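Going by the numbering used here, the sequence shown opens with residue 9, and the numbers climb by one from there.
Here is the structure we will look at.
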Amino acid sequence: MVTSPDEARLAHLRRLRLAKDVMDRDWAEPLDLDAVAAHAGYSRYHFIRAFKGAYGSTPGQYLTRRRIERAEELLRSANLSVTEICSLVGFSSLGTFSTSFKKQTGLTPSAYRDQYIGRAAGVIPGCYAMLWYGGRDAPAHIGGAEDSNS
């Protein structure tokens with residue numbers, strides 16, 4: 009079967025999209041880069057290059073951005089500590105979470121919360137948020153900002 013360059017490019021993008029969908033769906037779970045790359049049918053290193061070429065960031069950078077976006081939402085709406093939010097969104101280190109958060113938003117998590125307090129529709133009690141996001145005993149997460157090579 010002969011495919012045109014456009015057909016090959018679309019097939020390539022579809023395969024990358026499958027892997028990106030896994031990261032969008034399981035953003036708070038520990039993600040193994042090799043397993044995510046396998047969803048696209050690529051080796052780890054080819055996947056990193058292809059993903060960056062298609063989306064402008066590495067898979068690790070993309071996943072970190074998604075996790076910080078979720079943290080922003082929780083800081084605005086849930087009555088949880090920064091440490092609890094850090095764990096719920098998939099970071100295993102509070103320091104890495106705070107550094108990544110400030111790099112993306114320009115504010116520390118606490119300053120971000122202070123800026124948005126009272127602007128949300130209502131603060132969700134922490135116990136409900138913890139149940140929704142899987143609880144305090146979630147396993148340590150891999151693939152966030154700690155893995156800057158991905």
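We treat Cβ as the ideally placed atom computed from N, Cα and C, and that holds for glycine.
On a predicted model such as this, the values are computed, not experimentally measured, just so you know.
Anticipated Cβ contact below 8 angstroms, residue i with residue j, distance rounded
| i | j | result |
| --- | --- | --- |
| Thr72 | Ser100 | With a Cβ gap of about 13 angstroms, Thr72 and Ser100 do not count as contacting. |
| Ala62 | Phe55 | With 8 angstroms as the limit, Ala62 and Phe55 do not qualify as a contact, their Cβ atoms being about 10 angstroms apart. |
| Arg74 | Asp32 | 7 angstroms |
Endpoints, the alpha helix (DSSP H) within which residue i is located
| i | result |
| --- | --- |
| Asp29 | Pro13 to Arg33 |
| Ile76 | Pro67 to Ser85 |
| Glu92 | Val90 to Leu96 |
| Asp40 | Segment: none, Asp40 is in no alpha helix (DSSP H) and carries neither H nor E. |
Residue i in three-state terms, based on DSSP
| i | result |
| --- | --- |
| Tyr63 | helix |
| Ser51 | coil |
| Ser100 | coil |
| Ile56 | helix |
| Thr116 | coil |
Proximity below 7 angstroms, CB of residue i to CB of residue j
| i | j | result |
| --- | --- | --- |
| Val97 | Ala119 | no |
| Leu88 | Arg121 | no |
| Thr91 | Leu102 | yes |
| Ala45 | Arg52 | yes |
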